[in-house]
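What follows is a single structure, written as structure tokens, with notes after it.
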Amino acid sequence: METDVQVSQLEDALIRQAETLAREQRQNAESARARILKEGADRLKLFTEREALAARVEAERMVRRQVQAAEFRMAAELDRLRWALTEDILSGMQLAFRHLVEDDLRYRELLEGWLASAARALPAGDLIAEVRDQDRPRLEPAWAAMIERAAPGRKVELQSYGSMGEGGIRVLLADRRAQIDQTFEARRSRLADELAREAMEHLFASTPNLGALLHG
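The sequence shown maps to residues 1 to 216 in the working numbering.
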């Protein structure tokens, strides 16, 4: 009888121990499950954040590329417009100057003004004034009076530099150490930056002041 009791007590103890072990296993399994779920959620959150960041970076990169492409296109278009407008201004200047050259009185006044400014700018000494072949006969009859007004007290010899060009005058020291070129071609070259500025202003304003370019 005593043996049966001992066996029963042993069985009860084993059952309790098994139940305790089972509870511990369940608790451990639940803790492991919770840990795994949390780690998975954390990894998923991190992955999502990284993906969102990568997507945002890629979107910003695409926007920058599109903005840069748009800027390049706009710059190219502005360059094209600036060039076209500059060409228009040059053509307008050339036409206006040709009309001015055809007017003897206005043309002589213009050349006289350029001669006067050159005489003031160049060092003391005799001068040479060069004009186109076709302009020299037009100036010779009034040359002495022009010199008296434009370069009083200085000797200025009238010469020609050839028949090429639109007109104007080139004034040199007699020893050719210095010169001031007021031919149309030289003035147009010096006014390149001004023409570009005029062209850009023309994009946002009205027509350029050709008179200032010719007589300034």
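Using N, Cα and C, we set each Cβ at its ideal position, and we do this for glycine too.
Per-residue burial, Gln25 [other beta carbons within 10 Å of its own, 16 or more giving buried]: Mapped onto the sequence shown, residue 25 falls at position 25. That one is exposed.
For Leu127, three-class secondary structure by DSSP: Taking the first residue of the sequence shown as position 1, residue 127 is located at position 127. Strand, per DSSP.
As assigned by DSSP and simplified to three states, the class of Gly168: Within the sequence shown, residue 168 is the residue found at index 168, counting from 1. DSSP places Gly168 in strand when its eight states are reduced to three.
Val27 classed as buried or exposed, judged by whether at least 16 other C-beta atoms fall within 10 angstroms: Translated into positions along the sequence shown, residue 27 becomes position 27. Per the sequence presented here, residue 27 reads as Gln, with Val not at that position. Its Cβ having fewer than 16 others within 10 Å, Gln27 is exposed.
Host alpha helix (DSSP H) of Ser117 (start-end): As a working note, residue 117 is residue 117 in the sequence shown. Residue range 104-121 is occupied by the alpha helix (DSSP H) that includes Ser117.
Residue nearest to Arg177 in terms of C-alpha spacing, selected from Gly125, Arg197, Phe72, Leu105: Counting from 1 along the sequence shown, the entry for residue 177 is found at position 177. Selected option, being the one with the closest Cα: Gly125.
Supposed close pair Ala142, Ala119 - CB separation, criterion 8 Å: Residue numbering aside, residue 142 sits at position 142 when the sequence shown is read from its first letter. Residue numbering aside, residue 119 sits at position 119 when the sequence shown is read from its first letter. Not quite, the Cβ-Cβ distance comes to about 17 Å (not below 8 Å), so this is no contact.
Range of the contiguous beta strand (DSSP E) that encloses Glu140: Indexing the sequence shown from 1 puts residue 140 at position 140. Looking at the DSSP string, Glu140 is not in any beta strand (DSSP E), and its letter there is neither H nor E.
Whole-angstrom distance between Leu95 and Asn209, CA atom to CA atom: Locating residue 209 in the sequence shown gives position 209, where the first residue counts as 1. Locating residue 95 in the sequence shown gives position 95, where the first residue counts as 1. Legend: pLDDT at Asn209 = 48, less than 50; position of this residue unreliable, no value from coordinates given.
Boundaries (first-last residue) of the alpha helix (DSSP H) holding Ser189: Residue numbering aside, residue 189 sits at position 189 when the sequence shown is read from its first letter. Note, Ser189: alpha helix (DSSP H), 184-190.
Residues near Gly162 in its chain [Cβ-Cβ closer than 8 Å; skip 5 each side]: The residue given as residue 162 occupies position 162 in the sequence shown. Within the same chain, Gly162 has close Cβ partners Arg132, Asp133.
Where Pro208 sits in the DSSP three-state scheme: The sequence position of residue 208 within the sequence shown is 208, counting from 1. Only weak support exists for where Pro208 lies, its pLDDT of 46 falling under 50; the value from the coordinates is given anyway. Three-state DSSP puts Pro208 in coil, outside helix and strand.
Beta-carbon contacts of Ala174 that lie in its chain and below 7 Å, excluding the five residues immediately before and after: Position 174 of the sequence shown holds residue 174. Answer for Ala174: Gly125, Asp126, Leu127, Ile128, listed in chain order.
Cβ neighbour criterion (16 or more within 10 Å) applied to Gly153: Position 153 of the sequence shown, counting from 1, holds the residue named residue 153. Burial call: exposed.
CB of Arg106 within 7 Å of CB of Leu115, strictly: For this step, residue 106 is matched to residue 106 along the sequence shown. For this step, residue 115 is matched to residue 115 along the sequence shown. Not a contact, by the Cβ cut-off of 7 Å.
Nearest-angstrom Cα separation, counted from Glu102 out to Leu110: Indexing the sequence shown from 1 puts residue 110 at position 110. Indexing the sequence shown from 1 puts residue 102 at position 102. In a straight line, the C-alpha of Leu110 is about 12 Å away from that of Glu102.
Classification of Gly40 by the beta-carbon crowding that lies within 10 angstroms, buried from 16 upward: Counted from its first residue, the sequence shown places residue 40 at position 40. Exposed.
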